[in-house]
Amino acid sequence: MCVSLVNYHSNHTGCRYDRRRPVYRVQGRIFIQKNSCPKEPEILRGVLFRPDDILIVTYPKSGTVWMQEIVPLILSQGDPVVVDTVPNWDRVPWLEARAYIQNLDQRPSPRVFITHFQYNMMPTGFLKVKPRVIYVMRNPRDVFTSYLHFSRMASYLVSPGTQTEFLNKFLDGKVIFGSWFDHVKGWLSATEQHIMYISYEEMILDLEASVTRMAQFLDTPLDSEMIRKITDRCVFKNMKKNKMSNYSLMPSTMMDQNVSEFLRKGIAGDWKNHLTAAEAENFDEFYRKHCSTGPPKTFLKK
Numbered sequence: 537m538c539v540s541l542v543n544y545h546s547n548h549t550g551c552r553y554d555r556r557r558p559v560y561r562v563q564g565r566i567f568i569q570k571n572s573c574p575k576e577p578e579i580l581r582g583v584l585f586r587p588d589d590i591l592i593v594t595y596p597k598s599g600t601v602w603m604q605e606i607v608p609l610i611l612s613q614g615d616p617v618v619v620d621t622v623p624n625w626d627r628v629p630w631l632e633a634r635a636y637i638q639n640l641d642q643r644p645s646p647r648v649f650i651t652h653f654q655y656n657m658m659p660t661g662f663l664k665v666k667p668r669v670i671y672v673m674r675n676p677r678d679v680f681t682s683y684l685h686f687s688r689m690a691s692y693l694v695s696p697g698t699q700t701e702f703l704n705k706f707l708d709g710k711v712i713f714g715s716w717f718d719h720v721k722g723w724l725s726a727t728e729q730h731i732m733y734i735s736y737e738e739m740i741l742d743l744e745a746s747v748t749r750m751a752q753f754l755d756t757p758l759d760s761e762m763i764r765k766i767t768d769r770c771v772f773k774n775m776k777k778n779k780m781s782n783y784s785l786m787p788s789t790m791m792d793q794n795v796s797e798f799l800r801k802g803i804a805g806d807w808k809n810h811l812t813a814a815e816a817e818n819f820d821e822f823y824r825k826h827c828s829t830g831p832p833k834t835f836l837k838k
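Following the working numbering, the numbering of the sequence shown begins with 537 at its first residue and continues without gaps.
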């Protein structure tokens, strides 16, 4: 249930938000006040999904922008025009973004969307149509580390506080888009859907093999030269230079990249440079307690 809202201000979808409140909950999920609204799930119920739609699903800071680069390049068979000329939020729009909810039906097939929604937040239309989904998961310690840096540079997010304070919020699911543990376990349980699962670590280990697997899942034939070109374009250091992907087009009042770059490191294991021994142990204890039958245990101590 939503918290009580006062001092409303309208936006173009008819949703209203309280500028004095930084976040609010809908069905246990925490939304960003400035670009989401309590009516969001209701709006999504009206989305008419198509069987050939492609949905990329991630928890925040789990390779979202990476996928917004890779999938369009696969579908264009390596033609870089779309990633060189169209900002990633336009080439692969967010289901959460109000501006796109109004014109989804005008987009040609195959449509590609991205979302941070938990599985139990998905509308009935999605569950019935069963479009293709690529779900990307990442070691939650690295998710936390990246999330902390992001929360410090993005003015539209609630201040994270100290590292320990933010870790406690993260483990308790009191962050934007809720619990990482619930998110991953929910999507891993969606066995009746048409889903390809892949990890951030798998992509770092062998990006070319990952691109190949995604292309096969999307029924897009690519020869070895196309795969090589796509892989080269999507290597983190190359993607980071693309102004259509690195959010340098966003005003510094929203994202201050002097505080932290939006595309920061793109590596696995950076949590080891930030978490204290006590924080790492706290993380592991929480993980074992909540993921005995959930995400891969290979995330432990790695």
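Glycine is no exception: its CB is placed at the ideal position from the N, C-alpha and C atoms.
In this structure, how does DSSP classify residue i when only helix, strand and coil are distinguished?
i    : result
Y595 : coil
Y544 : Caution is warranted here: a pLDDT of 25 is assigned to Y544, below 50, making its placement in the model unreliable, and the coordinate value is therefore given only provisionally. Reduced to three states, the DSSP call for Y544 is strand.
N818 : helix
I650 : strand
V669 : strand
I590 : strand
M537 : Residue confidence for M537 is low, a pLDDT of 26 falling below 50, so the modelled location carries little weight and cannot support an answer.
F585 : coil
P843 : Residue coverage of the chain in this structure runs from 537 to 838, which leaves residue 843 outside it and unanswerable.
V694 : coil
L811 : coil
K825 : helix
N774 : helix
L640 : helix
R677 : helix
K837 : Note that K837 scores 47 on pLDDT, short of 50, meaning its location in the model is unreliable and no value can be drawn from it.
L631 : coil
S645 : coil
Would you mind giving the Cβ-Cβ distance between residue i and residue j, rounded to the nearest angstrom? I have them listed as a contact below 8 Å.
i    : j    : result
I763 : T748 : 6 Å
I650 : Q604 : 6 Å
L758 : I610 : 7 Å
D617 : V648 : Contrary to the premise, residue 617 reads as Val rather than Asp in this sequence. About 15 Å; that fails the 8 Å criterion.
C770 : W602 : 7 Å
Indicate whether residue i and residue j have their beta-carbon atoms separated by less than 9 Å.
i    : j    : result
P696 : S687 : yes
I803 : V672 : no
K597 : V665 : no
F772 : R677 : no
S645 : D708 : no
G599 : M739 : yes
M780 : N624 : yes
F717 : H826 : yes
L741 : T767 : no
Looking at C-alpha atoms only, which residue of the options is the closest neighbour of residue i?
i    : options                   : result
K721 : L609, Y823 and V617       : Y823
L703 : I740, W625 and A814       : A814
L733 : D718, E744, L584 and R674 : A small correction: the amino acid at residue 733 is Tyr; Leu does not occupy that position in the sequence shown. Among D718, E744, L584 and R674, the Cα nearest to that of Y733 is on R674.
T727 : W807, D589 and L663       : L663
L729 : Q654, R668, D768 and K808 : The question names Leu, yet the displayed sequence has Gln at residue 729. Considering only alpha carbons, the answer is R668.
V619 : S645, K777 and N809       : K777
P659 : P646, F717, V583 and F706 : V583
Y595 : C827, F713 and T767       : F713
Q699 : M780, D718, T812 and D755 : T812
V622 : K825, W716 and P608       : P608
R586 : Q642, G599 and D615       : Q642
Y655 : L631, W723 and E821       : W723
T756 : E817, S612 and V601       : S612
V711 : S746, H652, S725 and K808 : H652
E737 : S760, A816, D806 and L754 : D806
S760 : F753, A745 and N774       : A745
K705 : Q752, L684 and M657       : L684
With hydrogens ignored, establish whether the beta-carbon of residue i is closer than 8 Å to any heavy atom of the ligand GTP.
i    : result
M750 : Absence of the ligand GTP from the depicted structure is noted, as is the absence of any ligand whatsoever, leaving it without description.
| Ordered list of alpha helix (DSSP H) runs contained in the region 700 to 772, each at least 4 residues | Runs found: 716 to 724, 736 to 741, 743 to 753 and 760 to 770.
| request: With a floor of 4 residues, list each alpha helix (DSSP H) that falls wholly inside the region 596 to 629, ordered by position along the chain. | output: Every alpha helix (DSSP H) stretch that sits fully inside the region 596 to 629 and reaches 4 residues is listed by chain position as 600 to 611, 617 to 621 and 624 to 627.
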